[in-house]
Amino acid sequence: MNKRFPSLLAIGFLLFCSRTWAQLVVEITKGQAEAIPIAIVPFGSPGAATAPFDVAQLVSSDLAHSGRFNTTDRKDMVEQPHTGAAISFDDWRRLNNDYIVVGQVQSVDPDHFNISFELYNVLTRQRMLDYQFTANKPGLRLASHQVADMVFQKILGIRGAFATRIAYISVLGTVPHRQYRLIVADADGENPHVVMQSNEPLMSPAWSPDGQSLAYVSFEERLPSVYVQFLPTGERRRVSARAGVNQAPAWSPDGKKLALTLSTRDGNLDVYVLDLATQALTRITDDPGIDTEPQWSKDGQTIYFTSDRAGGPQIYRVGTRSGDKPQRLTFQGSYNARPRLSPDESQLAFVTQEDGGYRIATMDLHGRGEVQVLTKGRSDVSPSYAPNGAEIIYATRDRGRGVLALVSADGRVQERLVSSEGELQEPAWAPF
Amino acid sequence: MKRIASIALLIAGAVLLAGCPKKNNVTEPPTAGSHVSGSSEEGASTSGSALGGDAASQGGDVTGANGVGPLARKVIYFDFDKSEIKPEFAEIISAHARNLTSHPNLKMKLEGNTDNRGTREYNIGLGERRAQAVRRALMLQGVAESQLTTVSFGSERPAAEGDDEAAWAQNRRVEMVYVP
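Top line first, the protein sequences correspond to chains A and B. Quick note on numbering: our numbering labels position 353 of the first sequence as 360, and the sequence is numbered without any gaps. Quick note on numbering: our numbering labels position 98 of the second sequence as 100, and the sequence is numbered without any gaps.
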């Protein structure tokens with residue numbers, strides 16, 4: 008039973024004062040040859056001396072960082088129209104732009120702004136988007152990401168994920184004086200907030216399906232416990248502190264249960280399902296090997312997990328109804344672990360060992376199980392899909408330091424998120 | 003005593019929280035309605051006697067705190083992806099086993115660790131396997147089950163920084179920690 012509760016009272020020490028942290032900078036390490044040329048013209052700000060926020064700059068940077076667009080440099084813009092009527096399409100066509108975005112940010116009152124923009128196809132002169140909305144001053148950054156999302160979707164037919172968030176672990180200091188932080192930031196690394204910090208390890212952040220809570224593992228009592236933290240208030244609950252291992256939380260699609268890894272007294276790790284309301288526990292796997300790293304299918308009927316029951320770690324799936332026999336999915340190579348399902352469930356991202364390095368790979372779940380290794384690092388782990396499935400964020404190491412990186416789901420575009428300090432681990436992309 | 007300490011912590015925590023710009027609520031976790039088999043042992047044996055005093059009353063250096071002899075060595079190192087105890091560590095384990103059997107009030111926590119290669123959660127499993135290997139070795143030499151607990155930190159608490167074999171070798175380890 009759970010006898011560790013007195014130290015629960017100590018968590019006030021560890022709970023956060025929300026604040027910003029060192030931000031991340033995106034570097035494209037491998038671009039796409041056929042990136043689409045687009046011009047995002049600086050937005051006008053009628054009636055104001057200076058624009059309250061450079062919307063166009065952020066839209067342009069989002070689109071460029073996706074690797075799918077090649078954005079026109081401002082200094083190459085011969086004119087800067089703010090409305091469709093003012094665009095000289097022939098000029099923009101001569102500059103080899105396929106698309107152009109023009110717009111305005113207009114002050115409604117000191118704290119509110121009206122953002123309007125239009126997207127045109129330069130070749131056909133057709134207006135593809137004409138949209139306006141209102142944002143308050145702190146909301147202008149999010150609003151800009153939303154403009155980028157709409158442009159991305161209109162041109163590529165894929166929902167944009169620029170206006171989403173990521174969580175990750177940052178480790179500061181050196182052994183043995185390390186400080187562990189759980190951070191939530193915008194998907195571009197801006198706006199980082201520390202949601203939890205501890206002198207003992209924090210790991211395995213997992214977003215609830217509604218994007219409001221994070222489940223994670225904390226060793227703050229020098230033993231692992233699983234916590235659920237509600238982000239709007241910071242309120243946290245310790246949901247599993249059983250003897251032995253309490254690890255690898257994964258939310259059920261309805262947000263009511265967690266799959267997690269627990270152990271028996273003799274150290275056998277298996278996957279269980281914990282009902283968050285009733286604390287009822289259901290055992291999912293029963294094998295003397297290490298069974299861990301669970302992940303649910305969207306219908307809640309299947310759990311994907313890592314098991315070394317056949318020797319090395321491989322990926323399996325099992326039905327959540329009792330008595331179901333696990334089915335092995337990976338057969339290529341001696342190390343395949345930590346499965347993550349793409350949002351459309353057409354592929355699985357995981358960590359594979361190749362040429363002595365750990366790399367991010369995907370497996371086609373619909374066809375013949377074709378495996379594609381997407382990265383070339385020595386220690387690429389913790390893959391997490393963007394909610395639109397277009398990209399995978401993961402943790403890698405760069406000159407002895409943990410950093411975050413992105414790869415498009417087809418492997419063609421790669422980027423790195425560079426932090427000014429700390430060792431970054433275990434990125435988890437939030438749902439839409 | 004424990005309750006007073008907890009209340010003190012609560013008050014201190016509340017004071018700290020009051021310094022935050024936004025109030026954060028701390029809730030009690032739900033009482034575990036069910037538990038994993040074999041997990042009911044922990045915490046049942048808090049007998050209250052202070053362990054520091056216990057060790058001191060016996061005169062000797064029962065936890066190897068003075069830094070000499072096999073009892074002072076408390077780290078067992080492992081090969082890559084292995085949880086077998088290598089022969090060179092048998093003497094250390096035997097010394098601690100003798101110590102624990104002759105001082106049944108002593109308790110030991112076995113902290114399993116791995117290097118930073120591979121996935122983090124699977125490494126937790128490997129660290130647990132190493133801690134269990136040392137636990138079994140101690141029990142085979144007569145140490146009571148109730149004297150031993152295990153925890154796995156996986157690759158989360160390295161002893162050495164770095165991405166080379168020298169650092170990895172130091173990190174693949176089980177630390178034997180005498181606990182209250």
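In this text, a Cβ means the ideal position worked out from N, Cα and C, and glycines have one as well. Source: prediction; values computed, not measured.
Q: Would you tell me roughly how many angstroms separate the C-alpha atoms of A/R345 and A/A168, rounded to the nearest one?
A: Here the C-alpha atom of A/R345 lies approximately 23 Å from the C-alpha atom of A/A168.
Q. Could you give the uninterrupted runs of the beta strand (DSSP E) lying entirely in the region 90 to 166 of chain A, keeping only those of 3 residues or more?
A. Every beta strand (DSSP E) stretch that sits fully inside the region 90 to 166 of chain A and reaches 3 residues is listed by chain position as 106 to 116, 119 to 128 and 134 to 143.
Q) Who are the near neighbours of B/G114 in its chain, counting only those whose CB is closer than 6 Å to its CB and skipping five residues on each side? A) In chain order, G129, E130, R132, A133, S154 and V176 place their CB closer than 6 Å to the CB of B/G114, counting only its own chain and leaving out the 5 sequence neighbours on each side.
Q | Chain-ordered neighbours of A/M210 on chain B, where CB pairs are closer than 7 Å | A | Within 7 Å Cβ-Cβ: R122 and E158.
Q. What in chain B is Cβ-close to A/Q254, meaning under 8 Å?
A. At a beta-carbon threshold of 8 Å, the residues of chain B lying near A/Q254 are E123 and I126, ordered along the chain.
Q.
Between A/I400 and chain B, is any beta-carbon pair separated by less than 8 Å?
A. Closer than 8 Å: no.
Q: Can you give me the start and stop residues for the beta strand (DSSP E) that A/S415 sits inside?
A: That run of the beta strand (DSSP E) goes R408 to S415.
Q.
One question on the structure: do A/G91 and A/R148 come within less than 8 Å of each other, judged by their Cβ atoms?
A. Taking 8 Å as the Cβ cut-off, A/G91 and A/R148 do not qualify as a contacting pair.
Q. Using CA coordinates, which residue listed in A/P438, A/S220, A/I400 and A/S52 is at the minimum distance from A/V358?
A. Of the candidates A/P438, A/S220, A/I400 and A/S52, A/I400 places its Cα closest to the Cα of A/V358.
Q. Rounded to a whole number of angstroms, what is the C-alpha to C-alpha distance between A/D116 and A/A142?
A. Roughly 11 Å between the two C-alpha positions.
**Q.** At least three beta-carbon pairs within less than 8 Å, the region 101 to 111 of chain B to the region 156 to 165 of chain B
**A.** The way I'd put it, the region 101 to 111 of chain B doesn't touch the region 156 to 165 of chain B; fewer than three beta-carbon pairs between them come closer than 8 Å.
Q. Of all the options A/V129, A/H152, A/T268 and A/H184, which has the alpha carbon lying nearest to the alpha carbon of A/P206?
A. In the sequence on display, residue 206 of chain A carries Asn and not Pro. Of all alpha-carbon atoms in A/V129, A/H152, A/T268 and A/H184, the one lying nearest the alpha-carbon of A/N206 is that of A/H184.
Q.
My output table needs one value for B/E30: the three-state DSSP class, helix, strand or coil.
A. Note on B/E30: pLDDT 32, under 50, position unreliable in the model; no value is reported.
Q | Contact set between A/A344 and chain B, taken where Cβ atoms lie within less than 9 Å | A | In chain order: G120, T121, E123 and Y124.
Q: Rank A/S426, A/G429, A/A412 and A/G418 by C-alpha distance to the C-alpha of A/W436 and give the top, closest one.
A: Looking at the Cα atoms, A/A412 is the closest of the given residues.
Q.
Taking the alpha carbon of A/G396 as the reference point, which residue from A/D351, A/R423 and A/D195 has its own alpha carbon closest?
A. Here the closest residue by C-alpha is A/D351.
Q: Go through its chain and collect everything with a Cβ distance to A/D217's Cβ below 8 Å, but skip five positions before and after it.
A: Exclusion of the five residues before and after A/D217 leaves G262 and P438 as the residues of its chain whose Cβ lies within less than 8 Å of its Cβ.
Q. A/Q354 to A/D371, Cα distance in whole Å?
A. So the two alpha carbons sit approximately 5 Å from each other.
Q: For B/E163, return the contacting residues in chain A, with the cut-off set at a CB-CB distance below 8 Å.
A: Here the neighbours are T181, V182 and G407.
Q: Consider the Cβ of A/P320: report whether some Cβ of chain B lies at a distance smaller than 8 Å.
A: Yes, contact with chain B.
Q) Roughly how many whole angstroms lie between the Cα atoms of A/Y342 and A/S415? A) Going from the Cα of A/Y342 to the Cα of A/S415 covers about 22 Å.
Q) Should A/Q334 be labelled buried (16 or more other beta-carbon atoms within 10 Å of its own) or exposed? A) Of the residues assessed, A/Q334 falls on the exposed side of the cut-off, its CB having fewer than 16 other CB atoms within 10 angstroms.
(Q) Which residues in chain A have a C-beta closer than 9 Å to the C-beta of B/A171? List them in chain order. (A) Residues of chain A with a Cβ closer than 9 Å to the Cβ of B/A171 do not exist; the shortest Cβ-Cβ separation is about 15 Å.
Q. For A/H72, which residues from the same chain have a beta carbon less than 8 Å from its beta carbon, with the 5 sequence-adjacent residues on both sides left out?
A. These residues qualify, in order along the chain: V33, I35, D195 and E422.
Q) Grouping DSSP H, G and I as helix and E and B as strand, with all else coil, what is B/Q127? A) A small fix is needed here, since residue 127 of chain B is Gly in this sequence, not Gln. Here DSSP, grouped into helix, strand and coil, assigns B/G127 to helix.
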